[in-house]
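Protein chains: 2
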Amino acid sequence: MSHPSGPAGPAFGQTVSQAAPLLRVLSGETREKPPLWMMRQAGRYLPEYRALREKAGSFLDLCYDPEKAAEVTLQPIRRFGFDAAILFSDILVVPDALGQRVRFLEGEGPQLDPLTPETGLAPLAGELDAERLAPVYETVRMVRAALPPQVALIGFAGAPWTVASYMVAGRSTPDQAPARLFAYTHPVLFGALVDRLVDATASHLLRQVEAGAQVLQIFESFAGALPPPLFRRWSLEPVSRIVSRIRARYPAIPVIVFARGAGAGVEELAQSGIADGVGLDWTIDPWRASDAIQVHRPVQGNLDPLALVAGGDVLARAVDDIRAALGGGPHVFNLGHGILPQTPIAHVEQLVARVRG
Amino acid sequence: MSHPSGPAGPAFGQTVSQAAPLLRVLSGETREKPPLWMMRQAGRYLPEYRALREKAGSFLDLCYDPEKAAEVTLQPIRRFGFDAAILFSDILVVPDALGQRVRFLEGEGPQLDPLTPETGLAPLAGELDAERLAPVYETVRMVRAALPPQVALIGFAGAPWTVASYMVAGRSTPDQAPARLFAYTHPVLFGALVDRLVDATASHLLRQVEAGAQVLQIFESFAGALPPPLFRRWSLEPVSRIVSRIRARYPAIPVIVFARGAGAGVEELAQSGIADGVGLDWTIDPWRASDAIQVHRPVQGNLDPLALVAGGDVLARAVDDIRAALGGGPHVFNLGHGILPQTPIAHVEQLVARVRG
Numbered sequence: 001m002s003h004p005s006g007p008a009g010p011a012f013g014q015t016v017s018q019a020a021p022l023l024r025v026l027s028g029e030t031r032e033k034p035p036l037w038m039m040r041q042a043g044r045y046l047p048e049y050r051a052l053r054e055k056a057g058s059f060l061d062l063c064y065d066p067e068k069a070a071e072v073t074l075q076p077i078r079r080f081g082f083d084a085a086i087l088f089s090d091i092l093v094v095p096d097a098l099g100q101r102v103r104f105l106e107g108e109g110p111q112l113d114p115l116t117p118e119t120g121l122a123p124l125a126g127e128l129d130a131e132r133l134a135p136v137y138e139t140v141r142m143v144r145a146a147l148p149p150q151v152a153l154i155g156f157a158g159a160p161w162t163v164a165s166y167m168v169a170g171r172s173t174p175d176q177a178p179a180r181l182f183a184y185t186h187p188v189l190f191g192a193l194v195d196r197l198v199d200a201t202a203s204h205l206l207r208q209v210e211a212g213a214q215v216l217q218i219f220e221s222f223a224g225a226l227p228p229p230l231f232r233r234w235s236l237e238p239v240s241r242i243v244s245r246i247r248a249r250y251p252a253i254p255v256i257v258f259a260r261g262a263g264a265g266v267e268e269l270a271q272s273g274i275a276d277g278v279g280l281d282w283t284i285d286p287w288r289a290s291d292a293i294q295v296h297r298p299v300q301g302n303l304d305p306l307a308l309v310a311g312g313d314v315l316a317r318a319v320d321d322i323r324a325a326l327g328g329g330p331h332v333f334n335l336g337h338g339i340l341p342q343t344p345i346a347h348v349e350q351l352v353a354r355v356r357g
Numbered sequence: 358m359s360h361p362s363g364p365a366g367p368a369f370g371q372t373v374s375q376a377a378p379l380l381r382v383l384s385g386e387t388r389e390k391p392p393l394w395m396m397r398q399a400g401r402y403l404p405e406y407r408a409l410r411e412k413a414g415s416f417l418d419l420c421y422d423p424e425k426a427a428e429v430t431l432q433p434i435r436r437f438g439f440d441a442a443i444l445f446s447d448i449l450v451v452p453d454a455l456g457q458r459v460r461f462l463e464g465e466g467p468q469l470d471p472l473t474p475e476t477g478l479a480p481l482a483g484e485l486d487a488e489r490l491a492p493v494y495e496t497v498r499m500v501r502a503a504l505p506p507q508v509a510l511i512g513f514a515g516a517p518w519t520v521a522s523y524m525v526a527g528r529s530t531p532d533q534a535p536a537r538l539f540a541y542t543h544p545v546l547f548g549a550l551v552d553r554l555v556d557a558t559a560s561h562l563l564r565q566v567e568a569g570a571q572v573l574q575i576f577e578s579f580a581g582a583l584p585p586p587l588f589r590r591w592s593l594e595p596v597s598r599i600v601s602r603i604r605a606r607y608p609a610i611p612v613i614v615f616a617r618g619a620g621a622g623v624e625e626l627a628q629s630g631i632a633d634g635v636g637l638d639w640t641i642d643p644w645r646a647s648d649a650i651q652v653h654r655p656v657q658g659n660l661d662p663l664a665l666v667a668g669g670d671v672l673a674r675a676v677d678d679i680r681a682a683l684g685g686g687p688h689v690f691n692l693g694h695g696i697l698p699q700t701p702i703a704h705v706e707q708l709v710a711r712v713r714g
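Going down the list, the protein sequences come from chains A and B. Okay, so the first sequence: first residue is 1 according to my numbering, each after it adds one. Okay, so the second sequence: first residue is 358 according to my numbering, each after it adds one.
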């Protein structure tokens with residue numbers, strides 16, 4: 001696989017041998033020290049994030065403010081020298097830019113005006129409001145311009161099932177019961193919603209690439225509650241359609257798919273060839289992943305975020321176990337889920353030293 | 358495996374060929390029509406349950422009232438003719454009988470006074486308060502006396518990890534983060550808590566057998582958030598010790614272990630030989646379970662409770678798929694999680710007809 005050559009940014013025209021470590025691993029290279037970044041690395045555990053967040057209005061305001069969002073994206077790179085920056089944004093900018101009202105209330109999860117069998121897709125626009133999302137792409141451009149060439153920039157979006165589960169329930173729900181029931185009882189309408197999200201998500205990701213994202217990650221955060229036939233129909237299949245559209249336009253841009261809680265479904269994902277990189281949550285046995293997943297695709301993961309909160313020997317042992325299991329093949333070191341707000345900075349420093357030391 | 362011969366109840370002295378269908382399947386028999394029961398089958402979806410519940414005081418009061426608890430246990434048997442009754446009780450009677458304050462507030466989950474690194478195990482008694490639990494065993498006796506011989510009576514308890522996660526957090530928590538962190542940072546103290554629970558749980562289950570329970574089910578409801586090494590240490594290992602104690606005393610009493618969300622861990626459980634029957638949650642592919650689990654042990658499951666809420670063609674197809682995948686070996690038909698309160702009675706009737714028809 002040749003190096004991702006996005007239409008913008010300093011990576012353009014590079015070959016794999018010159019590329020950032022993350023890109024090299026996603027192209028299949030095994031490295032003695034794995035590239036390292038952390039999901040939700042721009043977040044509340046950082047005092048500099050909390051300081052900026054206080055002055056930034058609502059969470060969505062921050063997502064749509066290129067200066068501030070770029071600054072937040074860069075904070076963990078400056079502090080820890082991670083191998084990748086991930087755009088500071090949210091998976092719910094897609095429903096927001098489709099015209100569904102999205103609010104982030106302090107101390108609560110996101111709230112949306114739910115779609116129902118009665119409303120159907122009427123509250124939604126046919127496609128993304130490009131103007132609404134322009135600041136996101138501007139953020140990507142600013143971050144890429146500010147990053148050193150060895151640090152890859154990751155764009156992202158939520159997978160249709162995960163985003164649809166918010167759009168139907170209006171909030172985060174245990175086991176996504178409202179969306180699952182909706183999909184059972186109104187499969188045609190739910191399919192139309194997923195189709196709309198496939199279009200919108202592919203378009204959103206393509207624009208991130210055009211602005212300078214060199215890697216894309218698709219978050220299927222709620223894969224865990226889907227029975228296997230529904231996982232295939234509502235997760236693998238639409239994600240596959242999104243990736244096909246990206247490959248058709250930018251064949252060299254690698255796509256990581258992180259299907260949290262999918263268990264055996266992650267092995268299916270790896271075998272399917274849909275993803276260039278396969279994210280592993282913290283419940284997956286890295287030894288099993290080495291046999292059943294990493295033989296097919298480069299993997300990314302999978303430290304328990306609570307082992308990082310614990311620190312000390314617990315953290316050291318957990319890091320070493322993952323390295324021992326996955327170090328023999330292409331591996332991006334990451335957490336198995338987003339970093340928790342209570343994580344001590346010193347433990348992140350310990351993680352970086354352990355992975356690189 | 359010979360038939361379970363409990364020390365009490367009409368099953369005593371029976372051979373497998375005379376035994377209830379559930380017992381026959383758990384001893385390894387493949388039946389053309391699988392025995393059928395539903396987790397949480399005595400519950401809010403039943404109008405007769407709701408009527409009795411209104412008059413019963415607190416939820417724990419109901420658990421400790423043998424007349425009412427026996428009545429509730431029998432309600433779904435009368436209405437649907439299921440192949441098994443499961444004692445109406447709760448996994449938190451164990452911490453309650455160890456002296457930890459447990460409350461069930463209407464419309465909220467259970468609340469306990471959390472154990473902390475500072476309190477240690479000081480708030481707990483060394484062993485179960487037998488007097489506190491006497492009504493539970495009385496319920497078992499009453500139910501067994503009222504049941505026809507072809508209907509098996511299941512006793513149950515929570516697995517130590519699941520119960521400990523409530524005892525540490527004081528409530529249900531996403532991904533059991535407080536208990537997981539406690540286990541990382543205070544492994545010796547957490548191990549002592551698990552040891553206490555192994556003793557208490559084994560004792561509680563043995564007393565249920567002595568009162569007439571013919572099958573035991575251990576609920577590891579929160580298996581899903583444990584990384585594999587912690588799953589082995591805090592789930593498989595203590596559950597194995599509990600089962601060993603039951604086998605030492607009553608070798609013929611089958612034990613079903615239901616480790617919800619354990620994914621690949623369920624395959625390890627099946628291979629380990631710890632359980633006589635392996636519960637499958639609704640996210641496990643029944644075809645894969647046929648190859649990787651049912652070859653080792655009889656299986657139980659695994660209809661998505663929301664497919665039962667949906668009813669109609671969705672339900673019919675889901676039932677048929679599970680039967681097609683698991684019908685060639687020993688299989689107990691069940692849901693993959695507890696029945697939901699909003700489930701229409703007519704859909705349960707449809708389920709019964711479909712499984713038996």
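By construction, the Cβ of each residue, glycine as well, lies at the ideal position given by its N, Cα and C atoms.
By alpha-carbon distance to Ser-89 (chain A), the top candidate from A:Gln-176, A:Leu-74, A:Gly-99 and A:Arg-78 is A:Leu-74. With distances taken between CA atoms, Arg-711 (chain B) lies nearest to B:Pro-392 out of B:Pro-392, B:Val-382 and B:Pro-378.
The C-beta separation of Gln-398 (chain B) from Pro-423 (chain B) comes to about 19 Å, leaving the pair out of contact by the 8 Å criterion.
In its chain, beyond the 5 residues on either side, Gln-468 have a beta carbon closer than 6 Å to the beta carbon of Arg-460 (chain B). By the CB criterion at 8 Å, Gly-569 (chain B) and Arg-501 (chain B) fall inside the cutoff.
Taking each of A:Ala-122, A:Asp-291, A:Glu-220 and A:Gly-357 in turn and checking the Cα distance to Asp-281 (chain A), the smallest one comes out for A:Glu-220. Here Asp-291 (chain A) is exposed. Its C-beta has fewer than 16 other C-beta atoms within 10 Å.
Arg-381 (chain B) and Ala-325 (chain A) have their C-alpha atoms spaced approximately 42 Å apart. The closest CA to that of Ala-192 (chain A), considering only A:Ala-125, A:Val-140 and A:Phe-222, is found on A:Ala-125. Contact between the region 270–286 of chain A and the region 235–250 of chain A is present: three or more C-beta pairs spanning the two stretches fall below 8 Å. With respect to chain A, the C-beta atom of Trp-639 (chain B) has a partner C-beta closer than 8 Å. Considering only A:Glu-48, A:Gly-301, A:Leu-308 and A:Gln-342, the residue with the shortest C-alpha distance to Arg-323 (chain A) is A:Gly-301. For the region 311–323 of chain A, the set of positions with a beta-carbon nearer than 7 Å to some beta-carbon of chain B reads Val-314 in chain order. Neighbourhood of Thr-542 (chain B) in chain A, by CB distance below 7 Å: Ala-310, in chain order. Interface annotation, Asp-648 (chain B): not in contact with chain A, CB-CB separation never under 8 Å.
Within its own chain, the residues whose Cβ lies closer than 8 Å to the Cβ of Gly-43 (chain A), once the five positions on either side in sequence are excluded, are Tyr-49, Gly-338, Ile-339 and Pro-341, listed in chain order. Between the alpha carbons of Glu-475 (chain B) and Arg-645 (chain B) lies a gap of roughly 45 Å. For Glu-567 (chain B), DSSP records no beta bridge to any residue. In this chain, the alpha helix (DSSP H) harbouring Ile-345 (chain A) covers 345–356. Residue A:Gly-336 holds the alpha-carbon nearest to the alpha-carbon of Pro-286 (chain A) among A:Gly-336, A:Tyr-166, A:Pro-251 and A:Val-151. By the 16-neighbour rule on beta-carbons within 10 angstroms, Ala-346 (chain A) is exposed. Close to chain A, meaning a Cβ-Cβ distance shorter than 7 Å, is no residue of the region 379–406 of chain B at all. Between His-561 (chain B) and Val-429 (chain B) a beta carbon distance of about 19 Å is seen, past the 8 Å cut, so the two are scored as non-contacting. Comparing alpha carbon positions, the residue from A:Ala-130, A:Pro-187 and A:Leu-87 closest to Ala-664 (chain B) is A:Pro-187. For a cut-off of 8 Å, the C-beta gap from Arg-528 (chain B) to Leu-478 (chain B) is around 19 Å, too long to register as a contact. By the neighbour-count criterion, in which a residue is buried when 16 or more other Cβ atoms sit within 10 angstroms of its Cβ, Leu-462 (chain B) is exposed.
Interface criterion not met: the Cβ of Leu-326 (chain A) is under 8 Å from no Cβ in chain B. With contacts defined as CB atoms closer than 8 Å, Val-656 (chain B) and Val-676 (chain B) fail to qualify as a contacting pair.
The beta carbon of Ser-165 (chain A) sits closer than 6 Å to the beta carbons of Gln-176, Ala-179 and Phe-222 from its chain, once the five residues preceding and following it are set aside; these are given in chain order.
When A:Phe-156, A:Met-39 and A:Ala-56 are compared, the shortest CA-CA separation from Ala-202 (chain A) is found for A:Phe-156. DSSP places Leu-326 (chain A) in the uninterrupted alpha helix (DSSP H) bounded by 312–326. If you look at Ile-86 (chain A), you'll find it in the beta strand (DSSP E) that goes 84–86.
The beta-bridge partner set that DSSP reports for Gly-279 (chain A) consists of A:Phe-258 and A:Gln-300. The beta-carbon distance between Leu-133 (chain A) and Ala-97 (chain A), rounded to whole angstroms, is 5 Å. This is short enough to meet the 8 Å contact definition. Here Phe-588 (chain B) really is in contact with Ala-619 (chain B); their C-beta atoms are around 6 Å apart, less than 8 Å. Assigned with DSSP and collapsed to three states, Leu-510 (chain B) falls in strand.
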